[in-house]
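In terms of the working numbering, the sequence shown opens at residue 81 and continues consecutively. Some notes on the structure that comes next.
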Amino acid sequence: MVQNENQIPSENPHSVVPPPQYPVEIFEKFIQVQAEEIEFKKQELVLRQQQEQNSFSYAKEALTAQKEDRHEERISNQKIVRYFFTTVIAIVLIIAVILGIAIFLNKPEIAIKIIEYLIIFSAGGAGGYSVGRSRKIKSVASEEDSD
């Protein structure tokens with residue numbers, strides 16, 4: 081039988097070569113490293129749980145602050161709407177009183193002029209409102225497109 085230079089000669093070609101023996105210190109070092117890694121992972125898990133708890137607390141406080149802010153915003157909007165309607169009702173009542181006085185004093189031309197001016201101002205206000213509303217809609221649409 082011809083033997084290759086790299087082969088180890090053996091008596092029995094089918095025999096199994098035993099694995100090399102490692103020193104016990106290597107296994108002890110490996111176990112120590114594994115124990116340190118497990119301890120590190122425990123600390124990492126504790127830190128992650130603490131971070132999640134902090135995130136939960138922050139989110140809870142943020143929601144509470146947002147709830148209070150939204151409540152104050154609703155109250156402010158209610159005050160604005162109430163003031164607007166109070167002003168409109170006062171203006172309508174003043175105009176109605178002036179028209180009533182003009183008709184009572186038998187001055188229909190004054191009442192007609194007041195009505196003409198009311199129509200002109202109302203048309204101008206409605207036109208301005210619609211222009212402003214369309215600009216607002218366009219600006220909101222352009223902001224959504226840019227996002």
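The C-beta atom is built at its ideal place from N, Cα and C for all residues, glycine as well.
Which first and last residues belong to the alpha helix (DSSP H) in which Tyr163 is found? To locate residue 163, count along the sequence shown from 1; it is residue 83. Unbroken alpha helix (DSSP H) run through Tyr163: Val104 to Phe184.
Leu173 beta carbon less than 8 Å from that of Ile194: Locating residue 194 in the sequence shown gives position 114, counting from the first residue. Locating residue 173 in the sequence shown gives position 93, counting from the first residue. No. Outside cutoff.
Tell me where the alpha helix (DSSP H) around Val211 begins and ends. Taking the first residue of the sequence shown as 1, we reach residue 211 at position 131. Taken as a continuous stretch (DSSP letters only), the alpha helix (DSSP H) holding Val211 covers Pro188 to Ser226.
CB of Ala191 within 8 Å of CB of Ile183, strictly: Residue numbering aside, residue 191 sits at position 111 when the sequence shown is read from its first letter. Residue numbering aside, residue 183 sits at position 103 when the sequence shown is read from its first letter. Contact flag set, yes.
Per-residue DSSP class, three states only, for Pro99: Start at 1 with the first residue of the sequence shown, and residue 99 comes out as number 19. The answer is coil: DSSP assigns Pro99 none of H, G, I, E or B.
Can you give me the C-alpha to C-alpha distance between His229 and Arg162, rounded to a whole angstrom? The requested residue 229 is not part of the displayed model; the chain covers only 81 to 227.
Work out the CA separation of Gln146 and Gln114 for me, nearest whole Å. Here residue 114 corresponds to residue number 34 of the sequence shown, with the count starting at 1. Here residue 146 corresponds to residue number 66 of the sequence shown, with the count starting at 1. Spanning the two alpha carbons is a distance of roughly 47 Å.
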